[in-house]
Amino acid sequence: MKLVVVSNRLPITLSRSDSGFNYKHSSGGLVTGLQSINKRINFKWFGNLSSEGLSDEDKQVIYNDCTTKYNLYPIFVDPELNDNSYNGFCNGILWPMLHYFSDDLVVTEKYYEAYIEYNKVFLNEILKEVDDDDIVWVHDYHLLLLPKMIREIRKDIKIMFFLHTPFPNSISFNRLYCRKEILEGVLACNLISFHSYEYVGNFLECCDKNNLVCHSKVDSIPIGIDPEIFTNCLKEEKTIEKINFFKEKYKNKKILLGVDRSDYIKGIPNRVQGYTDFLKKFPEHIEDTVFLQIGVPSRTGVVEYKGYTECVNKLVADSNSKIGDIDNTNIYLQNDSVDFNTLCALYYISDILLITSLRDGMNLVAMEYVSCSYDKHGVLILSEFTGVTSTLPGSLGVNPWNIDEISEKIKEALEMSPEEREKRYNFNKENVYKFTSFKWAEDNLDMLDENWEKYIKK
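Each residue of the sequence shown is one higher than the one before, counting from 11 in the working numbering.
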């Protein structure tokens with residue numbers, strides 16, 4: 011028996027060199043979680059790997075490298091099909107709908123047909139490697155139709171599904187014309203898990219509203235991180251140098267930090283407006299605070315995302331012109347990713363982390379910050395519309411739509427006593443170390459084992 015993991019992308023980045031191909035491994039909750047259960051069960055990981063610019067010979071070399079060295083099974087999808095499914099249907103239709111941005115939802119038949127075909131491409135590759143006693147674990151909204159496709163061919167195989175995004179209520183979800191097909195795709199699983207009980211309730215409500223009976227086990231199993239990856243990084247010489255650099259650069263200033271993909275669900279304009287409003291109300295903090303915002307470019311092939319980045323850039327420029335002067339820039343925006351050492355250094359030196367997501371499946375940045383802020387006991391201002399809110403009870407909750415409240419929470423965080431900061435930090439730290447990515451992976455497998463026994467008895 012083995013675990014067959016299926017995700018939209020493989021956890022590697024491919025680059026070409028004179029000697030062949032180089033493979034850089036990605037990190038994240040799913041990656042660390044699977045590494046932890048490798049002793050319990052062997053696994054093969056299937057996912058898309060861009061085929062653009064690759065010859066058939068290149069693909070064979072890459073396939074052999076990935077399968078023999080890393081147990082990764084690349085699926086090379088036609089670039090046009092990939093674009094229509096990923097940018098067209100997944101990010102143009104499913105993503106906004108799952109995050110309650112479905113007011114202007116228009117489904118193009120071409121994109122949905124591409125989505126069906128994309129799932130079939132995965133099906134055909136998986137069937138070549140899967141055995142009857144295997145467990146198939148499908149991940150996320152790119153592959154919602156895949157479980158049913160597998161079930162129709164392999165009746166008795168164990169199938170799990172985990173959604174890394176929110177699942178909306180029926181008012182938002184039922185605007186999707188292929189809603190029944192999407193639900194039926196997932197209902198073919200033995201176990202369906204989400205980040206929160208809110209998402210569980212919404213999913214079951216949608217099934218009920220569409221006259222579908224759920225025989226699967228459905229539960230909340232929130233993902234976590236491996237905090238030791240971050241604490242170990244803080245001990246590295248390169249990180250220590252970065253920490254000292256930032257301490258000197260922002261000497262005598264309280265540092266507010268934002269770290270996000272540049273995505274409209276993240277509410278970056280809301281926090282910029284909230285901080286600007288705070289400085290207008292309390293101008294004495296213009297000189298002793300600074301707000302650093304990292305905006306990692308995301309989905310640049312989707313028109314809405316380009317417009318969003320331009321909007322944020324303009325808002326930051328306008329805010330700085332209104333509140334700063336030639337000697338003081340209060341908001342620093344970087345539209346690029348930072349290396350891991352720099353990220354951990356920023357977490358470590360920041361006094362406040364601002365997360366104002368309008369909707370967010372989980373938001374692991376919050377947990378990463380807690381793992382790095384053990385000296386400063388940084389205050390976490392956290393949107394109430396993130397899945398991680400129940401995991402981090404020491405946070406200052408905020409409604410991201412309420413600019414005045416964001417401003418007030420910034421003031422509360424800056425004025426918080428050291429004792430209160432430490433108490434709140436310890437509440438959060440306890441859960442970051444309790445609900446790790448390792449536990450998440452184990453809990454999913456354990457719950458499948460329990461449910462599979464019940465499933466067999468039916």
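Ideal Cβ placement from N, Cα and C applies to all residues, glycine included.
- The three-state secondary structure of VAL442, taken from DSSP, is helix.
- For ILE275, the secondary structure class from DSSP, reduced to helix, strand or coil, is helix.
- In this chain, the alpha helix (DSSP H) harbouring ASP414 covers 413 to 425.
- Counting only the Cα atoms, ILE136 lies some 25 Å from GLU460.
- Residue pairing by DSSP puts ASP229 in a beta bridge opposite SER203.
- According to DSSP, residue pairing for GLY98 in a beta bridge does not occur.
- In the three-state scheme derived from DSSP, where H, G and I count as helix and E and B as strand, PRO89 is classed as helix.
- For the segment 42 to 66, not one full-length alpha helix (DSSP H) segment reaches 4 residues or more.
- The Cβ atoms of VAL380 and VAL442 sit closer than 8 Å to each other.
- DSSP places ASP346 in the coil class of the three-state scheme, outside both helix and strand.
- VAL146 places its beta carbon less than 8 Å from that of LYS168.
- Going by beta carbons, ARG189 and ASN221 fall outside the 8 Å limit.
- In terms of Cα proximity to THR23, the closest of PHE31, TYR357 and ILE275 is PHE31.
- Looking from the CA of LEU155, the closest CA among GLY63, PHE172, ASP141 and ASP166 belongs to PHE172.
- In this structure GLU62 is exposed. Its beta-carbon is surrounded by fewer than 16 other beta-carbon atoms within 10 angstroms.
- One alpha carbon belongs to MET159, the other to LEU133, and they sit about 7 Å apart.
- Around ARG185, the same chain offers SER112 and LEU115 as residues with beta carbons nearer than 6 Å, after the five sequence neighbours per side are excluded.
- Counting the other CB atoms within 10 Å of its CB gives PHE288 a total of 16 or more, which places it among the buried residues.
- In the displayed model, PRO428 falls within a helix according to three-state DSSP.
- Within the segment 357 to 397, the complete alpha helix (DSSP H) runs of at least 4 residues fall at 375 to 382.
- Exclusion of the five residues before and after ASN409 leaves GLU394 and GLU415 as the residues of its chain whose Cβ lies within less than 7 Å of its Cβ.
- Spatial neighbours of PHE292 in its own chain (CB-CB distance under 7 Å, excluding positions within 5 residues in sequence) are listed in chain order as LYS421.
- Cβ-Cβ distances below 8 Å link SER230 to SER203, PHE204, HIS205, SER206, TYR207, TYR209 and VAL210 in the same chain, with the five nearest sequence neighbours on each side left out; the list follows chain order.
- Note that the C-beta distance between PRO84 and LEU40 is not below 8 Å.
- In the DSSP assignment, ARG26 forms a beta bridge with PHE31.
- When the Cα atoms are used, TYR357 and TYR384 turn out to be separated by approximately 10 Å.
- Within its own chain, no residue has a Cβ closer than 8 Å to the Cβ of GLU294 once the five positions on either side in sequence are excluded.
- For the options VAL228, ARG309, HIS174 and LEU402, the alpha carbon positioned closest to that of LEU197 is the one of VAL228.
- For LEU214, the three-state secondary structure derived from DSSP is helix.
- A check of alpha carbon separations from VAL269 across LEU363, LYS290, GLU320 and LEU82 identifies LEU363 as the nearest.
- Residue pairing for LYS69: DSSP places it in no beta bridge.
- In the DSSP annotation of this structure, the continuous segment of the alpha helix (DSSP H) that includes ILE163 starts and ends at 156 to 163.
- The beta carbons of ARG309 and TYR110 sit no closer together than 8 Å.
- A distance of 8 Å or more separates the beta carbons of MET107 and SER180.
- For ARG434, same chain residues with a beta-carbon under 6 Å away, outside a window of 5 residues either side, are GLY404 in chain order.
- Here TYR315 is near ASP273, since their CB atoms are less than 8 Å apart.
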